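In this note's numbering, the protein residues as written are 153 to 358.
Glycine residues also receive a C-beta, built at the ideal position from the N, C-alpha and C atoms.
Small disclaimer: the values here were computed from a predicted structure and weren't measured.
Single-structure report; data block below.
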């Protein structure tokens, strides 16, 4: 694992430094390419929409997968996604160091499709074994937003909308909902385009 700078003392439930950083990135206009954010519920068609959008953006395409094949069900899901993409995509699997990987790949591709943000958040929580909101991981989300926004390659970020159901009945699930919702808000704010996909129908939010 790479070593990152220590957390900035962010208290649980507050992210002042992260929001300031995102505002500065958005206002600077540093990115010559686009950051596109796509969210929706499970099986809403968001990944299919993201693939179609990416296919229209050039021939050099990279699928950056955050999923880990930890059981047979996930192995089958990953295989199905690979079949849906076809052979004209490069696929790179990175469950944790996503910002570093996008920084490494900048300029090599016409478009990078990151699928998905919420699995990455889950991976961070599993790594830390504690609340993401209180630690170093909150900085990692800010760094990922900044790297995507400043990339010379168009980056499409797919995420799950997790806040439309009932309040989870356990603390870990509530923490996941809260941090995933915060990450979605930050990406949507920084994005040049944002979409919400429902029943296979994409709705443009900005």
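Any heavy atom of the ligand ADP closer than 7 Å to the CB of residue 200?
This structure simply doesn't include the ligand ADP, nor any ligand for that matter.
Length of the line joining the Cα atoms of residue 344 and residue 205:
Locating residue 344 in the chain shown gives position 192, where the first residue counts as 1. Locating residue 205 in the chain shown gives position 53, where the first residue counts as 1. Cα-Cα distance, rounded: 14 Å.
Closest Cα partner of residue 314 within the set 273, 302, 308 and 306
Counted from its first residue, the chain shown places residue 314 at position 162. For the residues 273, 302, 308 and 306, the minimum Cα distance to residue 314 belongs to 273.
Taking residue 328 as the reference, which of 289, 307 and 309 has the closest Cα?
As a first step, residue 328 must be located in the chain shown, where it is residue number 176. Nearest option by C-alpha distance: 289.
Can you give me the C-alpha to C-alpha distance between residue 347 and residue 303, rounded to a whole angstrom?
Sequence index remark: in the chain shown, residue 347 carries index 195 (1-based). Sequence index remark: in the chain shown, residue 303 carries index 151 (1-based). If you take the alpha carbons of residue 347 and residue 303, they lie about 20 Å apart.
Would you check if the distance between the CB atom of residue 246 and the CB atom of residue 203 is smaller than 8 Å?
Start at 1 with the first residue of the chain shown, and residue 246 comes out as number 94. Start at 1 with the first residue of the chain shown, and residue 203 comes out as number 51. No, the Cβ-Cβ distance between residue 246 and residue 203 is not below 8 Å.
How long is the line joining the alpha carbons of residue 219 and residue 254, rounded to whole angstroms?
Counting from 1 along the chain shown, the entry for residue 219 is found at position 67. Counting from 1 along the chain shown, the entry for residue 254 is found at position 102. Straight across, the Cα-Cα distance linking residue 219 with residue 254 is about 16 Å.
Under the DSSP definition of a beta bridge, which residues are partnered with residue 213?
Translated into the one-based positions of the chain shown, residue 213 becomes position 61. DSSP lists 263 as partners of residue 213.
For residue 236, is the classification buried or exposed, using 16 other Cβ atoms within 10 angstroms of its Cβ as the cut-off for buried?
If you number the chain shown from 1, residue 236 lands on position 84. When all chains shown are included, residue 236 counts as exposed.
By how many angstroms is the C-alpha of residue 326 removed from the C-alpha of residue 234?
Along the chain shown, one-based indexing puts residue 234 at 82. Along the chain shown, one-based indexing puts residue 326 at 174. Cα to Cα, residue 234 sits roughly 31 Å from residue 326.
How many angstroms separate the CA atom of residue 241 from the CA atom of residue 211?
As a first step, residue 241 must be located in the chain shown, where it is residue number 89. As a first step, residue 211 must be located in the chain shown, where it is residue number 59. Straight across, the Cα-Cα distance linking residue 241 with residue 211 is about 8 Å.
In angstroms with no decimal places, state the Cα-to-Cα distance between residue 232 and residue 238.
Your numbering for residue 232 matches position 80 in the chain shown. Your numbering for residue 238 matches position 86 in the chain shown. So the alpha carbons of these two residues sit roughly 10 Å apart.
Taking all protein chains shown into account, decide if residue 319 is buried (16 or more other Cβ within 10 angstroms of its Cβ) or exposed.
Within the chain shown, the letter at position 167 stands for residue 319. Label assigned to residue 319: exposed.
Measuring CA to CA, which of 250, 263, 261 and 256 is closest to residue 276?
Here residue 276 corresponds to residue number 124 of the chain shown, with the count starting at 1. Out of 250, 263, 261 and 256, the CA that lies nearest to the CA of residue 276 is found in 250.
Quick check on residue 318: does DSSP put it in helix, strand or coil?
Locating residue 318 in the chain shown gives position 166, counting from the first residue. In the three-state DSSP reduction, residue 318 falls in the coil class, being neither helix nor strand.
Could you give the distance in angstroms between the alpha-carbon of residue 332 and the alpha-carbon of residue 201?
One-based indexing of the chain shown puts residue 332 at position 180. One-based indexing of the chain shown puts residue 201 at position 49. Each residue's Cα considered, the two are about 21 Å apart.
What is the DSSP secondary structure of residue 235, reduced to helix, strand or coil?
Here residue 235 corresponds to residue number 83 of the chain shown, with the count starting at 1. In the structure shown, residue 235 sits in a helix (DSSP, three-state: H, G or I).
Candidates 296, 267 and 336: closest to residue 243 by CA position
Numbered from its first residue, the chain shown carries residue 243 at position 91. Of 296, 267 and 336, the smallest CA-CA separation from residue 243 is found for 267.
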